[in-house]
Each structure stands twice: as C-alpha cells, then as structure tokens.
Amino acid sequence: IPEGQDGEFGILARGNISRDEMSKCASAVISARGGSPTESKSGDFSEISDESSTLSTPSKIAWNDHGLVLVGRGAWLGEMIEASHGERARITTNAQHTELRTALGKGRLGVVTAILPAGLRKKIEHQMQSDSEGENAMMQGVLGVAAAGLAIGTNGSNTEMALELRCDNADACAQVEKLIAKKKSEWSQNLGLRLFLGPLLDGLTVSVDGAALHASSRLPTDDAKRLIERAVELRSGGNHAQQSDAGANPSTVLPRTDQADEIFSARSAVQSARNPDAGTPRTPNPPTKTPKSASSADGP
C-alpha cells in the first residue's frame, strides 16, 4: 500500500501457469463478475483488466512466461513490474522492512511487515474520538506505531506467532503495552472469547525495549487448528463444507522463501511472502470493488 496512492495495493503469486491458462482464467473470472475483460501487453507481461470498470485506473492482472502473476492498479502495478526487472529498488533496500524481518526470524510460514505513514496516522488522530482519557492515551500510543511486523510458524508440536512494533518514541510503545494488557484481561474474563482465544491469550507475552515492542504467543498446533476451524466456521455461517482447508496441519506447509522481495518495490508499505512451490498453484482473484470508506485485508 504505497503512501500517497489512495487505495492501491499489490498481490504477487508464482506458479507453473502458462500464458494461455492465465488469459483464459483471468478473463473467465472477470466475465463471471459481470465485467468486460480486455487484454493488452506491457513489455514481457500480458495484462487483463475490466473494461467496464468505473475506476479511473482499474485493477489489472499481469503475468509473464516465468510463472509470475501480479495484481494491482495504477502506478503501483507499473512499479511492481519495474522491480521485477531490476529497474526499481526492491523491498530489501528498505531499512525498516529489513529490520522487522530480521527481528521476526527466519523459517516462518508467513510474514507481513508494514510501514505506517505518519500523515495517515495524524489524519486518524484528528478523527479519533474516545469516551475515556485512559483509553485515549492508549490509542495515542497505537497511533505512535511507525512500523509493524507479524509472523507465524511452527516448531515441532507448537505454533508460534510473533509481533514486532516500532514506535515513534518509548512512551508510545509503553501505552501500546498497557492497551494489550487491558484487552487481554477483558477478553480473558469474557466466556465466549475465552473459549475461542483461551490458548492464544494464555501463551501471550509482551515486552518493551525503548521504542520497540516485542510480543509473542505459543500454543499447541492442535489448538491452533481448532482455532482456525472455529474462525472459518463463524465466517461461513456454520457451513462445515467450507472448512476443508481449515483442518490442514500447519506443520505440513513448507517455510516461506523471500522471492517476494524480488518483486515488491522499496517504497512498498505492506509485504508478505509465502513459498511459491508449496501445494498446487492457484490463480489470485481480482480485488473486488469496495467503498472508499471501507478497507479490508486478507491474510497471505
């Protein structure tokens, strides 16, 4: 999500997918949603977009003969293509992303790092309203978080989650620590949340070192599987038929690689990576239209 480009984002995928397969699949997805697919070329990339889109810069799906698939719109897609050619600095040249990724460790199943623009945080601060001065101080701390990283991985029979925050100053991180402790206490006393998040809350540890906050939680992988299954069940309205992927043992997923670093440009504010060779390649869905006032994010 590049700073200064409203609502733009990028998705990267790799797989053993031919140019013809991608063309047919992308066109079918757009057509199935009532759109009008149109195909064009940009260097060694083929691109498909929805000609009927009302956006001034509609989202595009781009792919090449090397199994690289990109989804994005506007200048952001162009920057991703340039980064893939080595014509633009890649995300590994960004010191904040690199430091967070190092702190989160290697061999993780998935990693997400984000640089949070100061201008956006200031805008939220002006819009924020709170009934409690204590809560407001804690939220001010949250708005003082300049960068964040989240990782998940497995270690034997346990699943581990790690969170790294980098704040504008030590006080901001201290306020975030207080907020986490407050929410942990409240959720632990809520029976419904306790049944759902109990193992995750029990294993949660938080520490602050100046302007850096470190949080982690460890729980048995079987408990993590059950938590995922419950989340999928709640999201699908109790439709057990949609849970087929939820019960997969996380330990069977191969550790991620850093190939996403070769594509996302240095000024990227969100980065995620996953082993491109694990399992059957899947074609990414084009992003759906959402109102400007809403935002959403899906896991890697």
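Count along the sequence shown from 1, then add 13; that gives the number in the working numbering.
The beta carbon of each residue, even a glycine, is placed where N, CA and C say it ideally should be.
I'd like to know whether the C-beta atoms of THR126 and ARG134 end up nearer to each other than 8 Å.
As a working note, residue 126 is residue 113 in the sequence shown. As a working note, residue 134 is residue 121 in the sequence shown. In this structure, ARG134 does not lie closer than 8 Å to THR126 by Cβ.
Exercise. What separation, rounded to the nearest whole angstrom, lies between the Cα atoms of GLY47 and SER66?
Worked result: Taking the sequence shown and counting its residues from 1, one reaches residue 47 at position 34. Taking the sequence shown and counting its residues from 1, one reaches residue 66 at position 53. Going by the C-alpha atoms only, they are around 10 Å apart.
message = Please identify the residue among MET152, ILE128, GLY123 whose C-alpha is closest to the C-alpha of ILE137.
response = Looking up residue 137 in the sequence shown gives position 124. When only C-alpha atoms are compared, the closest one is MET152.
Give the secondary structure of ALA310 by DSSP, where H, G and I count as helix, E and B as strand, and everything else as coil. The count along the sequence shown starts at 1 and reaches residue 310 at position 297. Residue placement at ALA310 cannot be trusted, given a pLDDT of 38 that sits under 50; what the coordinates show is reported in the next sentence. Coil at ALA310, not helix or strand.
| message | If distances are taken between C-alpha atoms only, which option among SER97, GLY87, GLU64 comes closest to GLY80? | response | Position 67 of the sequence shown holds residue 80. Checking every option, the nearest Cα to that of GLY80 belongs to SER97.
Check your understanding: Count the other CB atoms within 10 Å of the CB of SER257; is the residue buried (16 or more) or exposed (fewer)?
Key -> Along the sequence shown, one-based indexing puts residue 257 at 244. The pLDDT assigned to SER257 is 40, lower than 50, so where the model puts this residue is not dependable; a value taken from the coordinates is nonetheless given after this. The residue is exposed, with fewer than 16 neighbouring Cβ atoms inside 10 Å.
**OP:** Please say whether ALA39 and ILE61 have beta carbons closer to each other than 8 Å?
**Re:** Sequence index remark: in the sequence shown, residue 61 carries index 48 (1-based). Sequence index remark: in the sequence shown, residue 39 carries index 26 (1-based). Cβ distance < 8 Å, so ILE61 and ALA39 count as in contact.
- Message: Classify ASP63: buried if its beta carbon has 16 or more other beta carbons within 10 angstroms, exposed otherwise.
- Response: Reading the sequence shown from its first residue, position 50 is the one you call residue 63. ASP63 is buried by the Cβ-count criterion.
TODO: Between the Cα of VAL219 and those of LEU240, TRP89, LYS196, spot the shortest distance and give me the residue it belongs to.
DONE: Taking the sequence shown and counting its residues from 1, one reaches residue 219 at position 206. Ranking the options by Cα distance to VAL219, first place goes to LYS196.
* For PRO268, which residues of its own chain have a beta-carbon under 6 Å away from its beta-carbon, when the five flanking residues on both sides are left out? -> As a working mapping, residue 268 is identified with position 255 in the sequence shown. With a pLDDT of 43 at PRO268, under the threshold of 50, the modelled position of that residue is not reliable, and the figure given next carries that caveat. GLY120.
Only counting the same chain, and skipping five residues up and downstream in sequence, which positions put a Cβ closer than 6 Å to that of ALA237?
To locate residue 237, count along the sequence shown from 1; it is residue 224. Answer for ALA237: THR172, listed in chain order.
Next item on the list: Could you check if GLU199 is buried or exposed, using at least 16 other CB atoms within 10 Å of its CB as the buried criterion?
Entry: Here residue 199 corresponds to residue number 186 of the sequence shown, with the count starting at 1. So GLU199 ends up on the exposed side.
| said: To the nearest angstrom, how far is the alpha carbon of GLY85 from that of ASP184? | reply: By one-based count along the sequence shown, residue 85 stands at place 72. By one-based count along the sequence shown, residue 184 stands at place 171. When rounded, the distance between both Cα atoms is 37 Å.
Quiz item: Between GLU92 and ARG101, what straight-line distance do the alpha-carbon atoms span, to the nearest angstrom?
Solution: For the purposes of this step, residue 92 is identified with residue 79 of the sequence shown, where counting begins at 1. For the purposes of this step, residue 101 is identified with residue 88 of the sequence shown, where counting begins at 1. Near 7 Å, if we compare the C-alpha coordinates of ARG101 and GLU92.
ask   = Opposite THR67 in the DSSP bridges: which residues?
value = What you label residue 67 is simply residue 54 of the sequence shown in a count that begins at 1. THR67 pairs with nothing; no bridge assigned.
Next on the checklist: Using C-beta distances below 6 Å, list every residue in its chain close to GLY223, excluding the 5 sequence neighbours before and after it, in chain order.
Outcome noted: In the sequence shown, the residue the question calls residue 223 occupies position 210. These residues qualify, in order along the chain: ALA183.
What does the alpha-carbon distance come out to for the pair ARG179 and PRO71? The residue you call residue 179 lines up with position 166 of the sequence shown. The residue you call residue 71 lines up with position 58 of the sequence shown. Each residue's alpha carbon lies about 34 Å from the other.
Compute the distance between the beta-carbons of ALA187 and VAL155, then report whether it is under 8 Å. Taking the first residue of the sequence shown as position 1, residue 187 is located at position 174. Taking the first residue of the sequence shown as position 1, residue 155 is located at position 142. Contact: no.
### When SER55, ASN77, THR167 are compared against MET35, the one with the closest alpha-carbon
Within the sequence shown, residue 35 is the residue found at index 22, counting from 1. That would be ASN77, whose Cα lies nearest to the Cα of MET35.
Item to complete: Run the CB neighbour count on PHE22, radius 10 Å, all protein chains shown included, and call it buried at 16 or more, exposed below.
Response: Position 9 of the sequence shown, counted from the start, is the residue given in the question as residue 22. Buried is the call here.
- Proximity to GLU177 [Cα-Cα], best of ASP235, VAL124, PRO233: Within the sequence shown, residue 177 is the residue found at index 164, counting from 1. Answer by Cα proximity: VAL124.
When LEU206, GLY166, ASN29 are compared against ALA244, the one with the closest alpha-carbon = Looking up residue 244 in the sequence shown gives position 231. Closest option to ALA244, Cα to Cα, is LEU206.
- Query: Considering only the beta carbon of each residue, do LEU117 and GLY162 sit closer than 8 Å?
  - Reply: As a position in the sequence shown, residue 117 is number 104, starting the count at 1. As a position in the sequence shown, residue 162 is number 149, starting the count at 1. Contact flag set, yes.
Own chain residues within Cβ distance below 6 Å of ASN252, not counting five before or after: Here residue 252 refers to the residue found at position 239 when the sequence shown is read from its first residue. Because ASN252 carries a pLDDT of 48, less than 50, the predicted location of this residue cannot be relied on, and the following value inherits that uncertainty. Within the same chain, ASN252 has no close Cβ partners at all.
Tell me the residue span of the alpha helix (DSSP H) that contains MET35. Position 22 of the sequence shown, counted from the start, is the residue given in the question as residue 35. From DSSP, the alpha helix (DSSP H) with MET35 extends over 32 to 45.
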